[in-house]
Amino acid sequence: MAILKIKNLQKHFGGVMAIDGLSVSFEKARVTSVIGPNGSGKTTLVNVLSAMLNADSGIITISNGPDLRKCAPFTAHFYGITRTFQEVRLFEQMSVLDNVLIVLTERNVLSAIFEKHGAYHLQQAKTALETTGLWSKRIELATNLSYGQRKLLEVARVLALTASGKSNIILFDEPFAGLFPQMVKTVADIIKELRMAGKTIVLIEHNMDLIRELSDHLIVMDAGKLLAQGEPEEVLSRKDVIEAYLGE
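When the letters of the sequence shown are read in order and numbered with this note's numbering, they come out as residues 1401 to 1648.
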């Protein structure tokens, strides 16, 4: 069942068409990966889907929800959409634990600790940090974490939000970049678990081995347009995809 649909989506920056008439859908309990050469529009797509950018035209609909293109910027989380970033965005002078707690409350960290459901939020944060291997770092400031640990902290926030029921659509923008092999395995396992839990996952990734391992459906973009989509192995064997993406 398609949870998130886009139709005839367009977004341009000056004279450059970053997304050009794109129409695709993303289904529940499936990992849909989006690949393409640099500049093909992948991150712009994630920015539009997460309402960080407004599309110029087209329709973005969520099952039983509004047209996201008509929603105010930075409001996608109200409709169950959360994301990670290529360049990690954390509260640098807050602890690892507080970085997770703050996404679980609409007010602030003190509310998360002392409000009626404070213990519940603390348990969700603890579980997310244990899953990502960061519980031992919980009192460290985010700014002191290694690059890989910072990326894992973003994933921990996603886990906490999904466990709380606040997120059903997760947009992963190159979550594996710069990670050590064990960290890669941790994030891959988390994505598989989220899929098993019925979440809709959009994955931007360059590693073809991970694409093959994790993807249920594959979308290929080139110059802002849809080049191909379908089963990963079938799509990756297409000559036009090989020429556009691999340059062969």
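Beta carbons are placed, not taken as given, at the ideal position from N, Cα and C, and that holds for glycine.
query, result
"Can you round the beta-carbon distance between Val-1424 and Ile-1406 to whole angstroms, since I take them to be within the 8 Å contact cut?", "6 Å"
"Closest by CA to Ile-1481, which one among Glu-1492, Pro-1466 and Ser-1546?", "Pro-1466"
"How about Val-1602 and Leu-1571: are their beta carbons less than 8 Å apart?", "yes"
"Exposed or buried, which one is Glu-1554 when buried takes at least 16 other CB atoms within 10 Å?", "buried"
"Excluding sequence positions up to five away, which residues of its chain have a Cβ less than 8 Å from the Cβ of Asn-1447?", "Leu-1453"
"Who are the Cβ neighbours of Ser-1463 in its own chain at under 6 Å, not counting the five residues just before and after it?", "Ile-1403"
"To which residues of the same chain is Gly-1458 closer than 7 Å at the C-beta, ignoring the five residues directly before and after it?", "Ile-1406, Lys-1407, Asn-1408, Leu-1409, Gln-1410 and Arg-1469"
"Grab me the residues of Phe-1485's own chain with a C-beta within less than 8 Å of its C-beta, minus the 5 sequence neighbours each way, in chain order.", "Glu-1554 and Asp-1573"
"Note down, in chain order, each residue of its chain lying with its Cβ closer than 7 Å to the Cβ of Leu-1594, except the 5 sequence neighbours on either side.", "Thr-1562, Ile-1570 and Ile-1601"
"Express the C-alpha separation of Leu-1501 and Val-1416 in angstroms, rounding to a whole number.", "39 Å"
"Measuring alpha carbon to alpha carbon, tell me which of Leu-1579, Val-1584, Ser-1567 and Gln-1493 ends up nearest Asn-1544.", "Gln-1493"
"Just curious, the alpha helix (DSSP H) that Val-1555 is in, first and last residue?", "1547 to 1563"
"In terms of residue numbering, what span does the alpha helix (DSSP H) encompassing Glu-1593 cover?", "1581 to 1596"
"For Arg-1557, which residues in the same chain have their Cβ closer than 6 Å to its Cβ, ignoring the five residues on either side in sequence?", "Val-1500 and Val-1503"
"Pick out the complete beta strand (DSSP E) segments inside the stretch 1430 to 1493, 3 residues or longer, and give them in chain order.", "1431 to 1435, 1457 to 1462 and 1481 to 1483"
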